[in-house]
Structure formats: C-alpha cells, structure tokens
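**Q**
2 protein chains.
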Amino acid sequence: MVKALISLSGGMDSVTVLAEAIHQLGRENVECVGFRYGSKHNQYENEAARKVAEHYGVPFGLIDFSSVAGELKSNLLKTGGEIPEGHYEAKSMSQTVVPGRNLIFISILTGVAWSREIDQIWLGPHQGDHEIYGDCRPIFFHAMNAAVVAGSEERVELVAPYLHGDKVTILKRGLELGVPYYLTRTCYKDQPIACGKCGACQERQAGFLANGVEDPVEYEFRGILPKG
Amino acid sequence: MVKALISLSGGMDSVTVLAEAIHQLGRENVECVGFRYGSKHNQYENEAARKVAEHYGVPFGLIDFSSVAGELKSNLLKTGGEIPEGHYEAKSMSQTVVPGRNLIFISILTGVAWSREIDQIWLGPHQGDHEIYGDCRPIFFHAMNAAVVAGSEERVELVAPYLHGDKVTILKRGLELGVPYYLTRTCYKDQPIACGKCGACQERQAGFLANGVEDPVEYEFRGILPKG
Numbered sequence: 001m002v003k004a005l006i007s008l009s010g011g012m013d014s015v016t017v018l019a020e021a022i023h024q025l026g027r028e029n030v031e032c033v034g035f036r037y038g039s040k041h042n043q044y045e046n047e048a049a050r051k052v053a054e055h056y057g058v059p060f061g062l063i064d065f066s067s068v069a070g071e072l073k074s075n076l077l078k079t080g081g082e083i084p085e086g087h088y089e090a091k092s093m094s095q096t097v098v099p100g101r102n103l104i105f106i107s108i109l110t111g112v113a114w115s116r117e118i119d120q121i122w123l124g125p126h127q128g129d130h131e132i133y134g135d136c137r138p139i140f141f142h143a144m145n146a147a148v149v150a151g152s153e154e155r156v157e158l159v160a161p162y163l164h165g166d167k168v169t170i171l172k173r174g175l176e177l178g179v180p181y182y183l184t185r186t187c188y189k190d191q192p193i194a195c196g197k198c199g200a201c202q203e204r205q206a207g208f209l210a211n212g213v214e215d216p217v218e219y220e221f222r223g224i225l226p227k228g
Numbered sequence: 229m230v231k232a233l234i235s236l237s238g239g240m241d242s243v244t245v246l247a248e249a250i251h252q253l254g255r256e257n258v259e260c261v262g263f264r265y266g267s268k269h270n271q272y273e274n275e276a277a278r279k280v281a282e283h284y285g286v287p288f289g290l291i292d293f294s295s296v297a298g299e300l301k302s303n304l305l306k307t308g309g310e311i312p313e314g315h316y317e318a319k320s321m322s323q324t325v326v327p328g329r330n331l332i333f334i335s336i337l338t339g340v341a342w343s344r345e346i347d348q349i350w351l352g353p354h355q356g357d358h359e360i361y362g363d364c365r366p367i368f369f370h371a372m373n374a375a376v377v378a379g380s381e382e383r384v385e386l387v388a389p390y391l392h393g394d395k396v397t398i399l400k401r402g403l404e405l406g407v408p409y410y411l412t413r414t415c416y417k418d419q420p421i422a423c424g425k426c427g428a429c430q431e432r433q434a435g436f437l438a439n440g441v442e443d444p445v446e447y448e449f450r451g452i453l454p455k456g
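Sequence order for the protein chains is A and B.
Following my numbering from start to finish, the first sequence increments by one per residue and tops out at 228.
Following my numbering from start to finish, the second sequence increments by one per residue and tops out at 456.
1) Tell me whether B/S242 is buried or exposed, calling it buried when 16 or more other Cβ atoms sit within 10 Å of its Cβ.
2) Between which two residues does the alpha helix (DSSP H) holding A/V108 run?
3) What did DSSP end up calling B/C429 once you bin it into helix, strand or coil?
4) Strictly under 8 angstroms for the Cβ-Cβ distance: is B/T307 near chain A by that measure?
5) Where does B/R264 sit, in a helix, a strand or coil, going by DSSP?
6) Check the Cβ of B/R255 against every Cβ in chain A and list those closer than 9 angstroms, keeping chain order.
7) What do you get for A/Q191, buried or exposed, if any count of 16 or more other CB atoms within 10 angstroms of its CB means buried?
8) Short of 9 angstroms Cβ to Cβ, which residues in the stretch 154-167 of chain A face chain B?
9) On the DSSP letters alone, give me the boundaries of the beta strand (DSSP E) that A/Q120 sits inside.
10) Where does A/G61 sit, in a helix, a strand or coil, going by DSSP?
11) For the alpha helix (DSSP H) holding A/S7, just list the boundary residues, first then last.
12) Taking 7 angstroms as the cut-off, is the beta-carbon of B/D418 closer than that to any non-hydrogen atom of the ligand MG?
13) Hey, quick one: how far does the beta strand (DSSP E) through A/L158 stretch, first residue to last?
14) Exposed or buried, A/H164, counting other C-beta atoms within 10 Å across all chains shown (16 or more means buried)?
15) Mapping the DSSP letters down to three states, classify A/L77 as helix, strand or coil.
16) Taking 8 angstroms as the threshold (beta carbon to beta carbon), is A/L18 in contact with chain B?
17) Please classify A/I170 as buried or exposed, where buried requires at least 16 neighbouring CB atoms within 10 angstroms.
18) How long is the line joining the alpha carbons of B/K464 and B/A249, rounded to whole angstroms?
19) At a Cβ threshold of 8 angstroms, is B/M372 touching chain A?
20) Since I believe A/I224 is in contact with A/Q205 (beta carbons under 8 angstroms), could you give me their beta-carbon distance rounded to a whole number of angstroms?
21) Report buried or exposed for A/S94, applying the criterion of at least 16 other Cβ atoms within 10 angstroms of its Cβ.
22) Inspect the beta-carbon positions of A/S254 and B/D292 and report whether they are closer than 8 angstroms.
23) Where does A/P226 land, buried or exposed, given buried means 16+ other C-beta within 10 angstroms?
24) Among A/R137, A/I83, A/P125, A/L175, which one has its Cα closest to the Cα of A/A210?
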C-alpha cells in the first residue's frame with residue numbers, strides 16, 4: 001500500500017485531508033507533519049493538529065523553520081502588522097499571504113517523505129484559496145507536482161483531494177467521515193479563543209452555515225459580517 | 229534594471245554565476261544568500277562565499293535551516309555516513325544526494341526574493357550534475373520555474389545560465405570574467421584543506437586540467453584518480 005505524509009496545520013481543510021487519507025489508505029500508512037514558522041496563530045494551530053493526530057492515533061511531528069520565516073514579510077507572521085477583519089475575498093486579506101509559504105512547506109515535505117520512504121504528500125488547497133493565494137491554485141499545484149516528481153526521481157508525488165472543492169464541500173465530506181471539528185483551529189489571530197471576524201473565521205462560519213450544522217468551536221463573535 | 233538574488237554556495241559554479249550576474253546586471257542589482265544546513269563542508273563553503281561576496285562588494289546573508297536538515301538523510305550531512313572518494317559518475321556519489329535540497333533552497337529563495345522585491349533567482353545547475361542529482365536536471369528546473377512563477381504570481385523567476393554547460397565551459401567563462409577561484413571551496417569533506425579525492429574535488433581538478441590552467445586552491449592530493 002502507498003504511504004502518505006499529511007501536511008497537518010490543525011485547520012479544517014488539512015484535518016479533513018487527514019481523515020480522507022486514513023479512509024483511503026488505512027491509519028497505519030499515514031504520518032503527519034506540522035510547521036513552526038512564526039505565524040501569530042501557530043501555537044494554537046499546532047496544538048490543534050497534535051490533538052487531531054492523537055484522536056486518530058497517527059504520528060505527528062513538528063518541523064521548525066522559524067529561523068527562515070524571519071526573512072519573509074507578512075502580516076500573518078509575528079514580525080508583521082495587524083491581521084485584517086472582514087470577508088475573505090476582501091483585498092486586505094492579501095496582507096496575510098506569506099511569500100513562498102506553500103513552496104517552502106511542500107519542498108521540505110518532499111525531503112522528509114523521500115528520507116522516510118513515503119510515496120505521497122497530501123495537501124488541502126481548494127477553490128476558496130485560489131483568489132488570494134497564488135500558491136494554492138491548480139496551475140501552481142500541477143507545476144509543483146511536476147517539480148517534486150522530477151526532483152525526487154519519481155519517489156514522491158503530491159495529492160490534493162479537494163483542489164477543485166470549496167470550504168462547503170470539504171466540510172460536507174468531513175462530516176460524512178466523522179471529522180472531530182471541535183478539535184480544529186482556524187482563526188488567524190494570536191489568541192486562544194477564535195475571534196470569529198478574521199477572514200479565516202468568517203469563511204469557516206459560512207461553511208458550517210451552508211451545511212446547516214453548528215460550528216463546535218467557541219467564538220468571540222459568532223455570525224457573518226457584511227461583505228465589504 | 230532587473231534585480232537578482234544569487235544562491236551562493238562558495239563553490240566554482242555559483243561563484244561563476246555571481247560573476248555572470250554582475251557582468252549582465254551590474255553589481256548594484258545583485259544580492260547573495262547562502263545556507264547553513266548541516267553539511268560537512270558547510271562552514272568552509274560559507275566562509276568561501278562570504279569572501280567572494282566581499283571581493284565583489286555585494287551583500288551576502290546566511291539563512292539557517294539546519295533545524296530542518298536534521299529530518300533529511302544523506303552522507304553529505306553531519307548526521308550521515310562517510311563521503312565517498314573517486315570519480316564523480318561512480319554510483320557511490322549518490323550517497324551525497326540530500327533529499328529535496330534544491331527544491332528547499334529554491335523555495336526559500338523565492339520567499340526571500342519576493343519579500344525583498346527581487347525579480348530573479350540565479351542558480352548554477354549544469355550538465356555535470358544531471359546524472360546524480362535529479363533536482364539539477366532541465367526537466368526539474370523548468371517545472372520548478374513554472375511553480376515559482378505561478379506561486380509568486382509572476383513576481384519571481386529562475387535563471388540558470390549554465391543549465392546546458394558543464395564544469396569545463398563554466399570554468400572557461402569564469403576565467404574570462406576574472407573570477408577569483410582561489411577564494412572558492414569545492415571539497416565535500418569536513419576539513420579546511422580540500423582532500424582532492426572526493427567526487428567534487430575530482431570534477432573540479434578535471435575542469436582546470438581541461439582548461440590548461442592550474443587550480444589555485446591547495447589540495448591534500450593533486451591529480452586525477454582512475455575511473456572506477
């Protein structure tokens with residue numbers, strides 16, 4: 001059976017990807033990795049990822065590249081400015097782009113998978129990310145997959161089961177798979193309770209609303225803000 | 229004028245790439261970055277890179293990702309076994325492959341170039357690397373370039389002036405450009421004086437021999453070993 005390495009951020013998407021990989025490949029063929037990279041919500045999302053991995057009984061390890069992240073400019077990072085509030089498509093959300101983040105994550109995961117003789121890296125990009133994050137779009141994903149396959153001499157390949165899905169369809173699938181969403185962390189802010197107002201929280205809340213299910217995490221603000 | 233970030237290892241190839249970039253773009257449009265990643269010769273090659281950058285009067289910074297390198301398996305790293313000796317094409321040299329190294333270097337450089345508003349990343353892969361290092365081949369390079377351009381939304385692109393050259397032609401060009409090869413470091417071993425016998429030293433010595441020029445660095449063993 002093929003083995004998979006999951007890039008587990010602790011958010012809704014990557015946790016659903018983990019559930020999907022376990023469903024398809026079996027728990028014994030799945031390992032998870034998270035990153036310490038100096039984002040404001042990093043501590044909370046890594047905690048969430050660890051709890052989810054424990055829930056499923058799969059290995060989880062953290063890779064630290066905060067030394068590199070100091071070279072990158074973004075408001076998502078502790079070295080940057082404020083996290084914007086409001087609807088995700090708002091232009092202000094582009095301030096949360098971390099230059100080269102997915103390129104760097106995928107490259108490190110390729111080295112790790114290759115070193116551990118793991119065949120696939122499973123990732124959670126989806127349509128909802130495409131407008132703001134260039135490194136979540138299909139044209140990026142397919143080029144990057146070609147680079148990974150060539151660079152690793154066909155030892156490693158990328159899998160993105162929800163590349164053409166969106167937050168609503170991912171959540172629908174996750175609910176079918178029994179994903180423990182109460183353990184996940186989506187909010188971008190540097191605080192233990194989700195704010196409810198940042199783009200990430202708003203998109204998540206809209207996803208639960210569209211599925212007619214109550215979001216099991218606690219919010220400071222529960223509800224959808226007007227588009228602006 | 230376009231700006232260029234050079235991945236400067238301190239070896240012959242990347243130092244010649246630096247000279248080429250300065251020749252084409254002007255010294256004021258060029259910056260260099262090196263990596264601390266736990267290879268046995270890392271300290272010596274980084275020292276060499278710093279001296280070369282000083283020689284040319286261009287900025288040089290080191291990025292530390294040795295925390296990540298601990299996850300990768302290779303005899304080139306301090307965590308791995310012995311460096312093999314003998315001719316470069318020998319199968320044993322594959323032990324010096326660092327899984328995903330160029331993917332990781334290029335990805336980090338993309339994030340750094342993007343953050344500093346630098347347009348191009350100049351790299352030194354060449355034909356001599358193609359057999360052993362999958363992530364130096366044209367098929368990798370072109371796929372990776374597509375991933376970098378897409379992921380950065382066309383802010384950053386890759387340039388590899390010697391992709392179809394070899395050690396002999398690179399050295400020929402570098403001698404024309406007056407590259408200070410006496411400052412460079414090629415040997416893979418964890419020792420200040422170049423061993424002369426590892427694949428990297430052997431390939432370098434063959435390059436100087438083919439150009440009819442004496443290699444200005446000191447060697448423990450000067451000469452070409454029989455192919456094995």
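Here a beta-carbon is modelled for each residue, glycine too, at the ideal position from N, C-alpha and C.
**A** Let me spell this out:
1) Here residue 242 of chain B corresponds to residue number 14 of the second sequence, with the count starting at 1. It is buried - the Cβ of B/S242 has at least 16 other Cβ atoms within 10 Å.
2) In the first sequence, counting from the first residue as 1, residue 108 of chain A sits at position 108. Note on residue identity: the sequence assigns Ile, not Val, to residue 108 of chain A. Looking at the DSSP string, the run of the alpha helix (DSSP H) that includes A/I108 is 101-116.
3) Working through the second sequence from its first residue, we reach residue 429 of chain B at position 201. Helix at B/C429.
4) In the second sequence, the residue the question calls residue 307 of chain B occupies position 79. Taking Cβ atoms only, chain A never reaches closer than 8 angstroms to B/T307, which makes this a no.
5) Here residue 264 of chain B refers to the residue found at position 36 of the second sequence. Here B/R264 sits in strand by DSSP.
6) As a working note, residue 255 of chain B is residue 27 in the second sequence. Correct list: empty, because the minimum Cβ distance to chain A is about 22 angstroms.
7) Here residue 191 of chain A is taken as the residue at index 191 of the first sequence, counted from 1. Exposed: under 16 other Cβ atoms inside 10 Å.
8) E154, R155, V156
9) Locating residue 120 of chain A in the first sequence gives position 120, counting from the first residue. A/Q120: member of the beta strand (DSSP E) spanning 120-122, first to last residue.
10) Here residue 61 of chain A corresponds to residue number 61 of the first sequence, with the count starting at 1. The three-state reading of DSSP puts A/G61 in strand, counting E and B together.
11) Locating residue 7 of chain A in the first sequence gives position 7, where the first residue counts as 1. That residue, A/S7, is in no alpha helix (DSSP H); its beta strand (DSSP E) goes 4-7.
12) The ligand MG is not part of this structure, which contains no ligands at all.
13) What you label residue 158 of chain A is simply residue 158 of the first sequence in a count that begins at 1. Counting along the chain, the unbroken beta strand (DSSP E) around A/L158 starts and ends at 157-159.
14) Your numbering for residue 164 of chain A matches position 164 in the first sequence. Answer is exposed; the Cβ neighbour count stays below 16.
15) Position 77 of the first sequence, counted from the start, is the residue given in the question as residue 77 of chain A. A/L77: strand per DSSP, three-state reduction.
16) In the first sequence, residue 18 of chain A corresponds to position 18, counting from 1. Chain B contact via Cβ: absent.
17) As a first step, residue 170 of chain A is located in the first sequence; it is residue number 170 there, counting from the start. Classification of A/I170: buried, given that the 10 Å Cβ count is 16 or more.
18) Outside the shown range of chain B (229 to 456) lies residue 464 of chain B, about which nothing can therefore be said.
19) Translated into the one-based positions of the second sequence, residue 372 of chain B becomes position 144. Chain A contact via Cβ: present.
20) On the first sequence, residue 205 of chain A is found 205 positions in, with the first residue counted as 1. On the first sequence, residue 224 of chain A is found 224 positions in, with the first residue counted as 1. The Cβ separation is near 6 angstroms, so the contact holds.
21) Along the first sequence, one-based indexing puts residue 94 of chain A at 94. When all chains shown are included, A/S94 counts as exposed.
22) With chain A covering only 1 through 228, there is no way to say anything about residue 254 of chain A.
23) For the purposes of this step, residue 226 of chain A is identified with residue 226 of the first sequence, where counting begins at 1. By the 10 Å Cβ count, A/P226 comes out exposed.
24) Counting from 1 along the first sequence, the entry for residue 210 of chain A is found at position 210. Measuring from the Cα of A/A210, the nearest candidate turns out to be A/L175.
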